[in-house]
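Notes for the one structure printed next.
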Amino acid sequence: MDVSSVSEIKSTDNEQQYEMIHTTKNEPKIIVLCFNPNNELYKKTEGFGRRLHQIIDNIVSHTVLESCINFIRSIEKEKIFLIVSAASALQFLHHITNLDQIISIFIFCLNNDQYNHLSFKDSKIVGIYDELGLLCLSIQEQINLIEKRFHTWSFFDHEEYAIKDLSKQSSDFLWLHLFHDFLLQLPINQQVKRQKIHPCHHYCGSNVKELTLMDELEEEYQPNEAIRWFMKHSFLRKMINKALRTEDTNELYTLRYFLSDLVQNLRHEHHQIIQSDREDLIVYRGMKLSNDEFNQLQENQGKIMSMKGFLMANTQRSSALAFLTSSTRQTDFISALFEIECNVKEVGDSIIFAQITQSNELKCQDTILFNLNATFRLEAIEKDQQMWIIKLNAVNDGRTITQKYIDDTHRQIEDLSVPIIFGKLICDMSQWNQSQIYFQHLFNDQHNEDLAWIQHSIGQAYYWKGELNEARIYYDHAYQRMMQSEPARIKDSAIVLSDIGEILYLLGKYEEAYDFHHQALTIRKKYYPSNHAYIATSLKNIGFVYYRQKKYDEAFVCFKQALAIREEYYNSFHVNIATSLNNLGYIFMNRRKYDEALDYYQRAMSIYNKCYPSGHVYIASTLNNISHIFYRQDKYDEALDIAQQALTMQNKYHSFDHIDITTSLINIGNIKYDQEKYDESLELHQQVLAIEMKYYSSGHLDIVDILNNIGDTQLNGKENYDKALRFHQQALTMLKTYYPSYYAHIAMTINYIGNIYYKQRKNNEALDLYDQALKMQEQYYLSDHIDMISILDNISYILRVQKKYDDALLVCQRSLTIQQNHHSSDHKEISNTLKNIGIILYKQGKYDEAFDFHQRALNILKTPHSSNYVNIANNYYQIAKIRILQKKYDEAINFCQQALEIHEKYSSFRHKVIPDSLMDIGYVKCEQRKFDEAIDYYHRTIAKLEEFHPDKYISIVVCLENIGMIWKQKRSYERSIEYFGKCLKIIEANRPFTEVTIISTLLALGEVHQIRGEYDLSLAYELKCFLLREKVLPSNHQDIGESLSNIGQCYDHLHQRKLALDYYRRALVIYEQCLPYGHQARSDIELKIEQLSK
């Protein structure tokens, strides 16, 4: 065994070691996997590992079949080259036939003839090799093929760009072109140039050959030889082109002087081509494309594009075709010949390329090398026999678009240099770490750049990363540098003051934020016209302070003005216009105008998608806004799907504990809450609380909100009153400490606490808190406000429970007036208030009026394309109850059935409401004396309750008791006793039980046993009933008299006349106190006493 080869191979029969390999920077997306069960690859071949490492660093070895297959399956993005001995291949290949991670298989053996037949059994097998040199050569060829295949390009939709403001466009296309311009502006610094290559040694890994060439490059390189070195050494091309493809700004910054030389050399060579009077040039490039790559090209026909790298092409078509016909057995590639036409005179120096002269050293005399910012129009894609012809035309649009982007940026910050504009573009592309590192390099290297803007830009990178304290430090440095300039840069300082205000806003310091935004606005009004974009920015920021204070009308005015300015300034298309549309959507959402809000969000999304085709945090934020609208509209499945999309996108840009992630988590938590998945909801909200407590140094409104969410979940989901109260009290204390004047927020928290007391049936205490909250709102808003509705509804509900129906009705009518002033007549929330009024009228026995209000509610809900199914069902249910009391049983059944059908089809929490509908239908069937049908519905109700709500034993008992009553009416007394007995067992098993429930069951059992003449059993149940009534009722209550009368009757039937007479007389004493003379019950007992006294 070759010792050195073993040490070089990374053995990974565990996940942790592979993770180290997987995350190593700058490694290719190819893994060479050796399956080597008996170490025969090492035993039979000297230097096996060392030779492989000269080709690629990313090598993994497995000796166990199962762990090897698990490793392959664990790979998600990388592609695997598998090396396996011929002997092992016989048992191994059938296990991996369908594993897509493996793209090439190399079989290594000493006896080629013995295993040659294997090459025909799997299309992924590249070849069988009996020499290590041939194996390594084949692997290198396949790596080259893969790397040539993975060309990437950037597209730009150039339509109307001349009339659009491009200052916030974020695209790979602009990144590539601005980086090129950055290279052209580098100053000549020979000392730094001598250091330009050394930091790139890490790219070579342990490849001795490449390290040697790198040392040679450091010693011998001259600036005028950049093209020769680029073409001669493949590792240098790979390093540069990979950094360009992956937009690795840090790597490119290290290589900047070599790249600058390369660009300048190309310009020099191109100048000679222009002087040669050459007019037309057609060059060719063969590529192997994946289906996705080919589809991307088809979708972008007619657009302009740039290759993300230095494109090489051939002047001879045959040379390009040779690549397409090169040996490969893989069939999942699409062969494509790029045909590039260039009118040299027309494009001039906008498209830079050089023809590589013939040289024994380079062996590439027919090669054309394009500059990295070369721009083409994708003219057409045509099929030609077994390949596709992709026709490109060189155009100068790239230069024009880049200059337009720079000019539009200068409209807002004059004289900003290209290197700083490039760094700001990196930040706009959500590459915040790269932007920060780039600007720190720029600051340290200086190069006569504007240090104040560089420090401000570093602050912006920290801001987007959520590191607000660090951002503030850099903003303060930038501001101080501006103010210490001669003269002071007052105009520029407004940008920094505005950004500091945004940090203070995010930290919950709204009054301080307002002061900074107002200061910035004052400066901007002095230096800019009233319709400048910066005026809109300040108005937007001030509007957000009002918004957080729940002053929605004032916020709306600011947001509306900001949108008007931006639409004029940016000519109706810009990222900032989308931001303003989003802001107005917030207002409409809080005004409960959900359709209008959704329209604004979707308009914003349309702009964002065009500006950020690869995704952006703004898109994630807007997805969350849309999700919240669907949540408010009870469209939980759609809301959840969109919130999950938002979270996935945020995870692309942020760590798992970034503050921006909390928006998605809260949305999902709220949806889970309404779906009655309380444990999931609580876990998400607690996760949010942990992030916010870590992120904010002190009290914050966001923490208040999440504490209230957790408290509400503890109350309604877990029925844990003490925990709920603790969370709401914590929120209230935070508000009173940090936001004592924010009465609207304090009122809502007091409202939450009132809900706890209501749940505990402490109605008076709850009502006092609701009244207190309402008074705060009245003081804060000065007039009736839409946010008062929830508290008014709670007050109305308490009054209804207290049977103060007239007062409850007045409160509901006030809610209705507020809603009618704020909403259109067909708004869903108006229907809810109409339903509540209908319930109050129902309680007052005004059934026809109640029916009319529910019908009005239905008319609102049953609009075309309505999705308010659950609310429709609830109104059907209320109408059914009215019809039951009016004894209009057929109509009642009809409405119950409609409600039931809707809940079964649409309701997310159907298991909660369906039992009620089934029970009501059972009741109606019983009233219609359709006893068998009634029993069936009651059994269905019990089945649903036992499946989803076994804790709701009282409802189960009611159903069992009703079935028992039906059997009693059918004179099937044994069945009746059976069901009443089940009731009693459930009640006694769920102590402490409700006395009212057990009393009802005891009475029923006593009555049935008396009918059967089983007076001893009847007496036992009546005595238990009497003791319970005596415990919970006033001593002169009619029900106690009834129990005494029933006991007397049992003793009478048992011929114990003395005891019977005694109980009758005790019953009469109570009846005389609570019943008028001549009442039937009183008269009956007097008659029995008279008869027994004879």
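This note's numbering applies: residue 633 is where the sequence shown begins, and numbers increase by one.
Don't be surprised by glycine CBs; every beta carbon is placed ideally from N, CA and C.
Everything numeric in this text was worked out from a predicted model, so none of it was measured.
Thinking R1689 and L1724 are a contact (beta carbons under 8 Å), I'd like their distance in whole angstroms, please. The sequence position of residue 1689 within the sequence shown is 1057, counting from 1. The sequence position of residue 1724 within the sequence shown is 1092, counting from 1. With a Cβ gap of about 6 Å, R1689 and L1724 count as contacting.
What's the call for M871, buried or exposed, on a 16-neighbour Cβ count within 10 Å? Along the sequence shown, read from residue 1 onward, the residue named residue 871 stands at position 239. M871 is buried by the Cβ-count criterion.
When burial is assigned at 16 or more other CB atoms within 10 Å of the CB, is A794 buried or exposed? On the sequence shown, position 162 is the one that residue 794 refers to. Result: exposed.
What is the DSSP secondary structure of D912, counted as helix, strand or coil? Counting from 1 along the sequence shown, the entry for residue 912 is found at position 280. D912: strand per DSSP, three-state reduction.
How about N1464 and L1490: are their beta carbons less than 8 Å apart? Taking the sequence shown and counting its residues from 1, the one referred to as residue 1464 is at position 832. Taking the sequence shown and counting its residues from 1, the one referred to as residue 1490 is at position 858. With respect to L1490, N1464 sits apart: the two C-beta atoms are not nearer than 8 Å.
In this structure, does DSSP put L969 in helix, strand or coil? The residue given as residue 969 occupies position 337 in the sequence shown. Looking at L969 - three-state DSSP - the assignment turns out to be strand.
Which residue marks the beginning of the beta strand (DSSP E) containing K1727, and which one marks its end? This structure cannot settle anything about residue 1727, because the visible part of the chain is limited to 633 through 1726.
Whole runs of the alpha helix (DSSP H) within the stretch 1393-1432, excluding any shorter than 4 residues: Counting only runs of 4+ residues, the alpha helix (DSSP H) found wholly inside the stretch 1393-1432 occupies 1395-1413, in chain order.
A1026 - DSSP class collapsed to helix/strand/coil: Within the sequence shown, numbered from 1, the residue matching residue 1026 stands at position 394. In the three-state DSSP reduction, A1026 falls in the strand class (E or B).
Is it buried or exposed, R1031, if we count other Cβ atoms within 10 angstroms and call 16 or more buried? If you number the sequence shown from 1, residue 1031 lands on position 399. Buried, since its Cβ has 16 or more Cβ neighbours within 10 Å.
Just the C-alpha distance for F919 and T999, rounded to the nearest angstrom, thanks. Locating residue 919 in the sequence shown gives position 287, counting from the first residue. Locating residue 999 in the sequence shown gives position 367, counting from the first residue. For clarity, residue 919 is Met in the given sequence; the question names Phe instead. Answer to the nearest angstrom: the Cα atoms are 15 Å apart.
For K1391, I'd like the list of residues in its chain whose CB is within less than 7 Å of its CB, leaving aside the five on either flank, ordered along the chain. Counting from 1 along the sequence shown, the entry for residue 1391 is found at position 759. Within the same chain, K1391 has close Cβ partners L1347, Y1353.
Could you tell me the boundaries of the alpha helix (DSSP H) in which A1322 lies? Here residue 1322 refers to the residue found at position 690 of the sequence shown. Here the alpha helix (DSSP H) through A1322 covers 1310-1327.
Please name the residue in D1227, Q1234, D880, N927 whose C-alpha comes closest to that of T617. Residue 617 is absent from the structure shown; the chain starts at 633 and stops at 1726.
Check the C-beta distance from Y1166 over to R1156 and give it rounded, since I have them as a contact under 8 Å. For the purposes of this step, residue 1166 is identified with residue 534 of the sequence shown, where counting begins at 1. For the purposes of this step, residue 1156 is identified with residue 524 of the sequence shown, where counting begins at 1. Yes, Y1166 and R1156 are in contact; Cβ-Cβ is about 5 Å, under 8 Å.
From K1537 to K1562, what does the alpha carbon distance come to, in whole angstroms? As a first step, residue 1537 must be located in the sequence shown, where it is residue number 905. As a first step, residue 1562 must be located in the sequence shown, where it is residue number 930. Going from the Cα of K1537 to the Cα of K1562 covers about 27 Å.
With distances taken from CA atoms, which of E1228, H685, L697 is nearest P669? In the sequence shown, counting from the first residue as 1, residue 669 sits at position 37. P669 has its Cα closest to that of L697, out of E1228, H685, L697.
Could you give the distance in angstroms between the alpha-carbon of I1618 and the alpha-carbon of S699? By 1-based counting over the sequence shown, the position of residue 1618 is 986. By 1-based counting over the sequence shown, the position of residue 699 is 67. Straight across, the Cα-Cα distance linking I1618 with S699 is about 55 Å.
Proximity winner among F867, K1467, Y1374, relative to H1332 (alpha-carbon distances): Residue 1332 sits at position 700 when you count from the first residue of the sequence shown. Per the Cα distances, Y1374.
By the three-class DSSP mapping on this structure, what secondary structure does G934 have? As a position in the sequence shown, residue 934 is number 302, starting the count at 1. DSSP places G934 in coil when its eight states are reduced to three.
CB contact flag (S1608, V1556, <8 Å): For the purposes of this step, residue 1608 is taken as residue 976 along the sequence shown, with counting starting at 1. For the purposes of this step, residue 1556 is taken as residue 924 along the sequence shown, with counting starting at 1. V1556 sits away from S1608, with the two beta carbons spaced by 8 Å or more.
From A1524, I1069, Q1409, residue whose alpha carbon lies closest to that of N882: Numbered from 1 along the sequence shown, position 250 holds the residue referred to as residue 882. Put simply, of A1524, I1069, Q1409 the residue whose alpha carbon is nearest the alpha carbon of N882 is I1069.
Could you spell out where the beta strand (DSSP E) holding G759 opens and where it closes? Residue 759 sits at position 127 when you count from the first residue of the sequence shown. Start and end: 757-761.
Could you check whether L1592 and K1576 sit closer than 8 Å to each other, using their CB atoms as the reference points? For this step, residue 1576 is matched to residue 944 along the sequence shown. For this step, residue 1592 is matched to residue 960 along the sequence shown. The beta carbons of K1576 and L1592 sit no closer together than 8 Å.
Opposite G1710 in the DSSP bridges: which residues? Walking along the sequence shown from the start, residue 1710 turns up at place 1078. Answer is none; G1710 lacks a bridge partner.
Go through its chain and collect everything with a Cβ distance to I1053's Cβ below 7 Å, but skip five positions before and after it. Counted from its first residue, the sequence shown places residue 1053 at position 421. For I1053, same chain residues with a beta-carbon under 7 Å away, outside a window of 5 residues either side, are L810, I1038, T1041 in chain order.
Among residues of its own chain, excluding the 5 on either side of I1342, which ones have a beta-carbon nearer than 8 Å to its beta-carbon? By one-based count along the sequence shown, residue 1342 stands at place 710. Take I1342, set aside five residues on each side of it, and the residues of its chain with a beta-carbon closer than 8 Å to its own are L1314, H1317, Q1318, L1321, F1359, in chain order.
Tell me whether F1288 sits in a helix, a strand or coil according to DSSP, three-state version. Locating residue 1288 in the sequence shown gives position 656, where the first residue counts as 1. Three-state result, F1288: coil.
Using a 10 Å radius around the Cβ and a threshold of 16 neighbouring Cβ atoms, would you call I799 buried or exposed? The sequence position of residue 799 within the sequence shown is 167, counting from 1. In the sequence as presented, Ile is not what sits at residue 799; that position holds Ser. Around the beta-carbon of S799, 16 or more other beta-carbon atoms lie within 10 Å, marking it buried.
Per DSSP, what are the beta-bridge partners of M939 in this structure? Along the sequence shown, one-based indexing puts residue 939 at 307. For M939, which the question treats as bridged, DSSP gives the partners W785.
Nearest-angstrom beta carbon gap, L969 and N988 [assumed within contact, 8 Å]: For the purposes of this step, residue 988 is taken as residue 356 along the sequence shown, with counting starting at 1. For the purposes of this step, residue 969 is taken as residue 337 along the sequence shown, with counting starting at 1. A quick correction: the sequence has Ile, not Asn, at residue 988. Not confirmed; about 20 Å, so no contact.
Going by alpha carbons, who is nearest to Y1106 out of I1086, N1003, M1408, S866? Here residue 1106 refers to the residue found at position 474 when the sequence shown is read from its first residue. Selected option, being the one with the closest Cα: I1086.
Taking the alpha helix (DSSP H) that K1158 belongs to, which residues open and close that run? Here the question's residue 1158 lines up with position 526 in the sequence shown. Where K1158 is concerned, the enclosing alpha helix (DSSP H) stretches over 1142-1159.
Tell me whether N1348 sits in a helix, a strand or coil according to DSSP, three-state version. Walking along the sequence shown from the start, residue 1348 turns up at place 716. The DSSP-derived three-state label of N1348 is helix.
Below 8 Å, can you find three or more Cβ-Cβ pairs linking the stretch 1283-1298 to the stretch 1503-1522? The answer is no - the stretch 1503-1522 does not touch the stretch 1283-1298, with fewer than three Cβ pairs under 8 Å.
Reference L1230, options I1300, I972, L1216, closest by Cα: As a working mapping, residue 1230 is identified with position 598 in the sequence shown. Measuring from the Cα of L1230, the nearest candidate turns out to be L1216.
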